[in-house]
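Some notes on the structure that comes next.
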Amino acid sequence: MARLPDFRLGSVLATSFTATLTERAGEPVERIPTPQRLADWFGVVGLTTGPCTDEDLSRAVELREAIHRAATAAADDEPVPQHAVRVINAHSARGRAAAALTPHRERRWRLSRETAVDDALGVIAQDAIAVLSGERAGRWALCASPTCRAAFFDTSRSRTRRWCEMNTCGNREKKARFTAAHGASAQQ
Ligand SMILES: [Zn+2]
233 MARLPDFRLG
243 SVLATSFTAT
253 LTERAGEPVE
263 RIPTPQRLAD
273 WFGVVGLTTG
283 PCTDEDLSRA
293 VELREAIHRA
303 ATAAADDEPV
313 PQHAVRVINA
323 HSARGRAAAA
333 LTPHRERRWR
343 LSRETAVDDA
353 LGVIAQDAIA
363 VLSGERAGRW
373 ALCASPTCRA
383 AFFDTSRSRT
393 RRWCEMNTCG
403 NREKKARFTA
413 AHGASAQQ
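Residue numbers for the sequence shown follow the numbering used here, beginning at 233 and rising by one.
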């Protein structure tokens, strides 16, 4: 079986979710191409749903793209498009996950077996609402990589982060600059 693309996870659930499609402004890489990969992703972020269907996947992608549009609007300081607002709010209303506290003061999510995917998408939609509405301190920005342009939420102290992720977009950009300055032969 061909190796499937890895997940890109960050500290913000909503943008970890939008990062399941990367290189959006170049040659896009779909990181949840199958219902099984969606189920895997849910598991990795602590929203274990069990098996997902094709329909679950298309609803997940609908929510993901709505969050992406909303986050891009936030980075551009524009109002969120109506359609994106409707999709995010519908998913938020449908989910019935319960937050649960552990003795180590961690938050877990309890999903109901019958509606696990709705519940998981509801948690993500609510996270998007929290971050987009300014509940957490930070700044929305677009990744400086021309093939990425992902909207990300910058919580750095200086609020001057330029890339959605230092390990991927940031490093690639640095390498490109190095090559431009020193010539391709210096890359050996
Ligand atoms: Zn990026």
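Ideal Cβ placement from N, Cα and C applies to all residues, glycine included.
**Report entry** With 16 other Cβ atoms within 10 Å as the buried cut-off, status of Thr281
**Finding:** For the purposes of this step, residue 281 is identified with residue 49 of the sequence shown, where counting begins at 1. Buried, by the Cβ-count rule.
Requested in this report: Mark Thr254 as exposed unless 16 or more other C-beta atoms lie within 10 angstroms of its C-beta, in which case mark it buried.
Outcome: Position 22 of the sequence shown, counted from the start, is the residue given in the question as residue 254. Buried.
Query - Where Asp309 falls, given that 16 or more other Cβ within 10 Å makes a residue buried - result: The residue labelled residue 309 in the question sits at position 77 within the sequence shown. Exposed.
Query raised in the report: Do you know offhand how far Arg409's Cα is from His336's?
Result: On the sequence shown, residue 409 is found 177 positions in, with the first residue counted as 1. On the sequence shown, residue 336 is found 104 positions in, with the first residue counted as 1. Distance between the alpha carbons of Arg409 and His336: 45 angstroms.
Query raised in the report: What do you reckon, are the CB atoms on Arg356 and Leu245 nearer than 8 angstroms?
Result: Looking up residue 356 in the sequence shown gives position 124. Looking up residue 245 in the sequence shown gives position 13. A small correction: the amino acid at residue 356 is Ile; Arg does not occupy that position in the sequence shown. It is a contact, given that the beta carbons lie within the stated cut-off.
Query raised in the report: Is any heavy atom of ligand 1 found at a distance shorter than 7 angstroms from the C-beta of Ala408?
Result: As a first step, residue 408 must be located in the sequence shown, where it is residue number 176. The answer is no for Ala408.
**Report entry** Check: Trp395 C-beta below 7 angstroms from any heavy atom of ligand 1
**Finding:** Along the sequence shown, read from residue 1 onward, the residue named residue 395 stands at position 163. Yes, since a heavy atom of ligand 1 falls inside the 7 angstroms radius drawn around the Cβ of Trp395.
**Report entry** Alpha carbon of Ser324 to alpha carbon of Leu343, nearest angstrom
**Finding:** Taking the first residue of the sequence shown as 1, we reach residue 324 at position 92. Taking the first residue of the sequence shown as 1, we reach residue 343 at position 111. Each residue's Cα considered, the two are about 14 angstroms apart.
Query raised in the report: Is any heavy atom in ligand 1 found nearer than 7 angstroms to the beta carbon of Ala382?
Result: Locating residue 382 in the sequence shown gives position 150, where the first residue counts as 1. True, at least one ligand heavy atom lies under 7 angstroms from that Cβ.
Query raised in the report: In this structure, does DSSP put Thr254 in helix, strand or coil?
Result: Against the sequence shown, residue 254 aligns to sequence position 22. The DSSP-derived three-state label of Thr254 is strand.
**Report entry** Local conformation of Val261 per DSSP, three classes
**Finding:** Counted from its first residue, the sequence shown places residue 261 at position 29. Under the three-state reduction of DSSP, Val261 is assigned to strand.
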